[in-house]
Amino acid sequence: MRSPIIIGALALAALTACGSADPAPSAAPAGGGDLPAKVTVAANDTSCQVATAELAAGTSTFSITNGGSKVTEFYVYAPGDRVMGEIENIVPGLTRELVVELPPGTYETACKPGMIGKGIRGPLKVTGEHKPLTDDAQMAEATAGYQRYVKSQTDTLLVKTQEFVDAVKAGDIEKAKSLYPVSRTYWERIEPVAEIFGDLDPKIDGREEVIEEGMEFTGYHRLERDLWKDNDVSKSGPIADQLMSDVKLIVERANAEKLSPLQLGNGAKELLDEVATGKITGEEDRYSHTDLWDFAANLDGSKAAVQALRPVLETRAPDLVKTLDEKFAGAEAALEAHRSGDGWKLHTDLSKDDLKVLSDAINALAEPVSKIAAVVAQ
Amino acid sequence: MSGISRRKLFGLGAAGVAAAGAGALAVRVGSEEGVTAAEPVHTAGAVPFYGEHQAGIVTPAQDRLHFVAFDVTTASRNELIELLQEWTAAAARMTQGQEAGTFGAVGGVPEAPPDDTGEALGLPPSGLTLTIGFGPSLFDDRFGLAGKRPAALADLPKFPGDALLPEISGGDICVQACANDPQVAVHAIRNLARIGFGKVSVRYSQLGFGRTSSTSRAQATPRNLMGFKDGTANLKLEDTSELRTHLWAAPEDGTSWMSGGTYLVTRKIRMHIETWDRTSLTEQEAIFGRNKGEGAALGSQKEFDEPDFTKKGPDGKPLIADAAHVRLAHPSSHGGARLLRRGYNFVDGSDGLGRLDAGLFFIAYQRDPRRAFVPVQMALARQDVLNEYIKHVSSGLFAVPPGVRDAGDYWGRTLFDT
Numbered sequence: 099m100r101s102p103i104i105i106g107a108l109a110l111a112a113l114t115a116c117g118s119a120d121p122a123p124s125a126a127p128a129g130g131g132d133l134p135a136k137v138t139v140a141a142n143d144t145s146c147q148v149a150t151a152e153l154a155a156g157t158s159t160f161s162i163t164n165g166g167s168k169v170t171e172f173y174v175y176a177p178g179d180r181v182m183g184e185i186e187n188i189v190p191g192l193t194r195e196l197v198v199e200l201p202p203g204t205y206e207t208a209c210k211p212g213m214i215g216k217g218i219r220g221p222l223k224v225t226g227e228h229k230p231l232t233d234d235a236q237m238a239e240a241t242a243g244y245q246r247y248v249k250s251q252t253d254t255l256l257v258k259t260q261e262f263v264d265a266v267k268a269g270d271i272e273k274a275k276s277l278y279p280v281s282r283t284y285w286e287r288i289e290p291v292a293e294i295f296g297d298l299d300p301k302i303d304g305r306e307e308v309i310e311e312g313m314e315f316t317g318y319h320r321l322e323r324d325l326w327k328d329n330d331v332s333k334s335g336p337i338a339d340q341l342m343s344d345v346k347l348i349v350e351r352a353n354a355e356k357l358s359p360l361q362l363g364n365g366a367k368e369l370l371d372e373v374a375t376g377k378i379t380g381e382e383d384r385y386s387h388t389d390l391w392d393f394a395a396n397l398d399g400s401k402a403a404v405q406a407l408r409p410v411l412e413t414r415a416p417d418l419v420k421t422l423d424e425k426f427a428g429a430e431a432a433l434e435a436h437r438s439g440d441g442w443k444l445h446t447d448l449s450k451d452d453l454k455v456l457s458d459a460i461n462a463l464a465e466p467v468s469k470i471a472a473v474v475a476q
Numbered sequence: 002m003s004g005i006s007r008r009k010l011f012g013l014g015a016a017g018v019a020a021a022g023a024g025a026l027a028v029r030v031g032s033e034e035g036v037t038a039a040e041p042v043h044t045a046g047a048v049p050f051y052g053e054h055q056a057g058i059v060t061p062a063q064d065r066l067h068f069v070a071f072d073v074t075t076a077s078r079n080e081l082i083e084l085l086q087e088w089t090a091a092a093a094r095m096t097q098g099q100e101a102g103t104f105g106a107v108g109g110v111p112e113a114p115p116d117d118t119g120e121a122l123g124l125p126p127s128g129l130t131l132t133i134g135f136g137p138s139l140f141d142d143r144f145g146l147a148g149k150r151p152a153a154l155a156d157l158p159k160f161p162g163d164a165l166l167p168e169i170s171g172g173d174i175c176v177q178a179c180a181n182d183p184q185v186a187v188h189a190i191r192n193l194a195r196i197g198f199g200k201v202s203v204r205y206s207q208l209g210f211g212r213t214s215s216t217s218r219a220q221a222t223p224r225n226l227m228g229f230k231d232g233t234a235n236l237k238l239e240d241t242s243e244l245r246t247h248l249w250a251a252p253e254d255g256t257s258w259m260s261g262g263t264y265l266v267t268r269k270i271r272m273h274i275e276t277w278d279r280t281s282l283t284e285q286e287a288i289f290g291r292n293k294g295e296g297a298a299l300g301s302q303k304e305f306d307e308p309d310f311t312k313k314g315p316d317g318k319p320l321i322a323d324a325a326h327v328r329l330a331h332p333s334s335h336g337g338a339r340l341l342r343r344g345y346n347f348v349d350g351s352d353g354l355g356r357l358d359a360g361l362f363f364i365a366y367q368r369d370p371r372r373a374f375v376p377v378q379m380a381l382a383r384q385d386v387l388n389e390y391i392k393h394v395s396s397g398l399f400a401v402p403p404g405v406r407d408a409g410d411y412w413g414r415t416l417f418d419t
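Heads up: the protein sequence lines correspond to chains A and B, in order. Counting from 99, one number per residue, gives the positions in the first sequence under our numbering. Counting from 2, one number per residue, gives the positions in the second sequence under our numbering.
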């Protein structure tokens with residue numbers, strides 16, 4: 099857990115950097131004028147029907163509905179599989195939106211049922227004139243884009259945490275165990291924003307060793323201990339209810355929060371620090387050993403924060419963007435080697451050599467990521 | 002996550018009176034009120050072994066450490082006392098640059114193993130000090146010491162975030178060897194361990210390669226592995242009256258055998274230096290509450306300027322954040338509690354994950370840990386933003402008896418005599 103004081107200091111710096119105290123929250127399309135209609139995408143386990151293969155340059159919104167049985171993802175790639183925008187964890191039956199800014203050019207769309215592989219690709223041509231966002235507008239869009247990400251993740255966090263809590267309260271240990279890492283995924287992705295709330299974070303996600311005398315051990319990790327170590331959730335109902343109400347509260351607060359571009363840059367780095375210090379060592383999920391789920395979620399969350407800043411970074415530091423793409427791909431590939439079914443291998447199933455490869459990949463990625471904040475603050 | 006990964010380092014300061022020992026090595030202390038400037042440290046010289054207090058506490062901190070903790074394996078009180086007498090004799094010799102035994106590395110019977118291991122042959126005393134301490138576990142019923150345990154040697158509480166490994170924590174007896182040559186420090190511990198075979202067993206030992214504290218005004222404040230000066234407010238040799246108040250146990254403390262002694266807390270603090278190194282300078286400075294270059298508290302000009310905790314920035318927030326290390330650890334946050342810190346940087350190779358196994362071996366002396374280390378560390382463990390980058394992995398607590406008066410005295414005599 100990270101203290102709010104740092105955030106405060108950084109926020110101040112961000113303000114100076116942007117020269118604007120109040121970034122416009124609206125994500126107006128770059129070209130001005132009316133918002134283009136949404137592009138619907140019908141996804142299922144075997145196909146990915148994008149309503150159009152041609153778009154006008156500027157900001158577009160894709161609305162993806164998953165009619166299949168597997169969780170899917172939707173991507174827009176520039177040549178070389180450079181991610182222009184992505185939305186993940188579209189569960190069966192759900193519709194989610196992706197807002198992406200596309201200059202003229204040729205792109206590919208992709209659905210990834212089961213969230214693996216190269217996905218089902220389709221062409222996308224973007225034509226017309228594109229006025230790139232001004233610097234201030236790019237900054238504002240970064241904040242707004244990340245806010246949309248937080249919204250999408252917290253929506254699912256509420257649903258998945260409720261399912262987990264229900265299973266605990268029903269005494270269904272096996273089901274609760276399978277839902278534990280899934281609900282945590284949505285939490286771990288947005289940790290930079292969750293950690294702003296220093297009072298709630300330890301209650302929701304505090305590990306056993308941080309609990310002081312006189313303070314109750316609550317939250318995810320308490321339930322993890324009940325499920326895996328004690329194998330008894332008969333008395334866990336109140337803890338489960340408390341977790342749900344704490345999560346509801348933090349979701350409400352998180353969605354009201356606007357992270358500055360500088361905070362996003364730092365948040366992206368901090369998520370990787372979490373991986374380096376907590377997940378690679380197996381300290382985070384010491385009873386369930388589901389650390390790799392959290393690892394993947396932190397990596398996703400870091401990438402999302404970086405993606406939100408992408409237009410700014412492309413303007414100011416195109417070489418850095420190239421390095422980031424490369425190193426994110428490297429870290430993802432290293433992790434991918436440990437996939438197991440719809441999830442991940444247990445930490446205890448990885449050898450020391452496996453962990454070293456992951457550790458090296460995270461260090462390789464975190465170095466360029468740590469340079470983002472200074473670029474944003476220019 | 003949310004695990005506060007913790008590492009709390011640094012404490013405060015304490016100083017020592019010109020105790021027995023500082024003589025040759027460095028600082029010349031004036032009379033009570035006036036402390037004179039110290040002479041340059043003569044790094045190769047010898048520090049007197051005998052005195053009212055043990056050397057190695059207010060002695061200007063040497064550059065190198067070898068710390069060892071022993072478990073006592075003999076069940077005999079007499080054997081333990083004999084060992085302490087043998088150790089004292091060897092320590093008195095080695096600190097003066099002599100060999101551990103009277104025959105030495107090459108002077109004995111050829112058919113027998115030498116009574117000194119030999120690796121320090123030809124090396125000067127190098128400021129070697131050897132300082133002994135007795136852990137809480139010694140005060141059980143094995144040696145009839147249960148009634149002698151000082152109140153100030155109360156077990157440390159569990160601090161939030163502690164990740165202590167029992168195999169490198171605790172110990173019945175510790176010896177701190179400090180010297181300006183690492184080979185000299187290692188030689189001393191090696192020979193003491195050898196003398197102890199059959200009576201004690203090495204529980205763990207720790208090398209430190211660079212001092213992180215200054216215990217004399219003649220010394221500049223060194224930097225820890227995070228690149229910061231820390232412990233500026235340390236008690237120092239020259240603070241004579243402060244040392245009486247904060248460092249040395251006195252008869253009125255209730256444990257007469259400890260009069261002239263002090264209490265030692267050790268903490269091995271692993272630093273996540275890789276993540277620290279990719280943290281922005283602004284954040285690093287905000288975490289410590291100091292600037293990195295000069296070491297001045299934020300809002301101050303010079304390292305030794307008193308921090309102004311009330312000063313606010315243009316945003317109306319304190320320049321030194323509420324959870325900044327310098328604020329949480331400062332004596333003013335703890336009713337004036339002060340420590341004498343004497344820690345060392347360590348790098349124990351690497352951790353198999355492509356990272357250096359590095360950090361601070363924290364050492365602090367004080368009159369009563371319950372009023373010094375414990376409240377300070379509790380505040381740090383709860384709030385310090387530095388916790389994100391550190392983890393406490395070992396802990397030790399020891400009663401450090403008074404000094405050895407002369408060749409007829411031995412380490413711990415006051416404990417066993419009475």
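Heads up, the beta-carbon is just placed ideally off N, CA and C, and yes, glycines get one too.
Could you spell out where the beta strand (DSSP E) holding residue 430/A opens and where it closes? Run containing residue 430/A: none in the beta strand (DSSP E); it sits in the alpha helix (DSSP H), 416-434.
Could you tell me whether the Cβ of residue 100/A comes closer than 8 Å to any Cβ of chain B? Confidence at residue 100/A is low in this model, with a pLDDT of 42, below 50, so its placement is unreliable and the value that follows should be read with caution. With 8 Å as the cut-off, residue 100/A counts as an interface residue toward chain B.
Extent of the continuous beta strand (DSSP E) to which residue 206/A belongs: 203-209
Quick one, which residues of the region 159-171 of chain B are near chain A if we go by CB-CB under 8 Å, in chain order? 159, 161, 162, 163 and 164
Residues near residue 184/B by beta carbon distance below 8 Å, same chain, minus five either side: 120, 121 and 124
Any idea what DSSP makes of residue 228/A, helix, strand or coil? coil
Can you tell me which of the three DSSP states residue 264/B falls into? strand
Whole alpha helix (DSSP H) elements within the region 311-359 of chain B, 4-residue minimum: 326-330
Can you name, in chain order, every residue of its own chain whose Cβ lies under 7 Å from the Cβ of residue 469/A, other than the five neighbours on each side? 418
Name the DSSP bridge partner or partners of residue 164/A? 141/A
Using 10 angstroms around the beta-carbon of residue 110/B, count the other beta-carbons present and answer buried if the total reaches 16, otherwise exposed. exposed
Spell out whether any CB of chain B is found under 8 Å from the CB atom of residue 348/A. no
Of the residues that make up the region 270-281 of chain B, which ones have a beta carbon closer than 8 Å to any beta carbon in chain A? 273, 275, 276, 279, 280 and 281
Any C-beta of chain B sitting closer than 8 Å to the C-beta of residue 120/A? Note that residue 120/A has pLDDT 34, beneath the 50 cutoff, so the model's placement of it is unreliable and the number below is only indicative. So no, residue 120/A is outside the interface.
Among the candidates 237/A, 197/A, 372/A and 451/A, whose CA atom is the shortest distance from the CA of residue 473/A? 237/A
Counting C-beta neighbours from all protein chains within 10 Å, is the total for residue 466/A 16 or more, i.e. buried, or is it exposed? buried
Tell me which residues share the same chain as residue 396/A and place their Cβ nearer than 6 Å to its Cβ, disregarding the 5 neighbours each side in the sequence. 286, 369, 372 and 373
Considering Cα atoms alone, identify which of 309/A, 314/A, 384/A and 202/A is closest to residue 157/A. 202/A
Residues that residue 258/A contacts on chain B, provided the C-beta gap is smaller than 8 Å: None at all; the shortest Cβ gap to chain B is about 18 Å.
Apart from the five residues just before and just after residue 179/B, which ones in its own chain have a Cβ nearer than 6 Å to its Cβ? 57, 63, 66 and 130
Just to confirm the assignment, what range does the beta strand (DSSP E) spanning residue 91/B have? Here residue 91/B belongs to no beta strand (DSSP E); instead the alpha helix (DSSP H) covers 78-96.
To the nearest angstrom, how far is it from the Cα of residue 168/B to the Cα of residue 150/B? 23 Å
In terms of DSSP beta bridges, what is residue 199/A paired with? 157/A
Pull out every residue of the region 353-383 of chain B whose Cβ sits closer than 9 Å to any Cβ of chain A, in chain order. 353, 354, 355, 356, 379, 382 and 383
Measure how close the beta-carbons of residue 499/A and residue 301/A come, nearest whole angstrom, since I'm counting them as under 8 Å. Residue 499/A lies beyond the range of chain A shown here (99 to 476); nothing can be said about it.
Buried or exposed by the 16-neighbour rule on C-beta atoms within 10 Å, applied to residue 166/B: exposed
Are the Cβ atoms of residue 228/A and residue 155/A separated by less than 8 Å? yes
Output, in chain order, the set of chain B residues within a Cβ distance shorter than 7 Å of residue 471/A. 281
Considering only residues of the same chain and omitting the five flanking positions on each side of residue 208/B, which have a CB-CB separation below 6 Å? 67
So which residues on chain B does residue 453/A lean against when the C-beta distance must stay under 9 Å? 353 and 354
Taking the beta carbon of residue 407/B as the centre, do at least 16 other beta carbons fall within 10 Å, making it buried, or is it exposed? exposed
Helix, strand or coil at residue 208/B according to DSSP, with G and I counted as helix: strand
Residues near residue 243/A by beta carbon distance below 8 Å, same chain, minus five either side: 125, 197, 405 and 406
Which residue wins for smallest C-alpha separation from residue 164/A, given the options 446/A, 174/A, 148/A and 179/A? 148/A
From the DSSP output, which residues share a beta bridge with residue 272/B? 391/B
So, do the region 385-402 of chain B and the region 270-281 of chain B have three or more beta carbon pairs nearer to each other than 8 Å? yes
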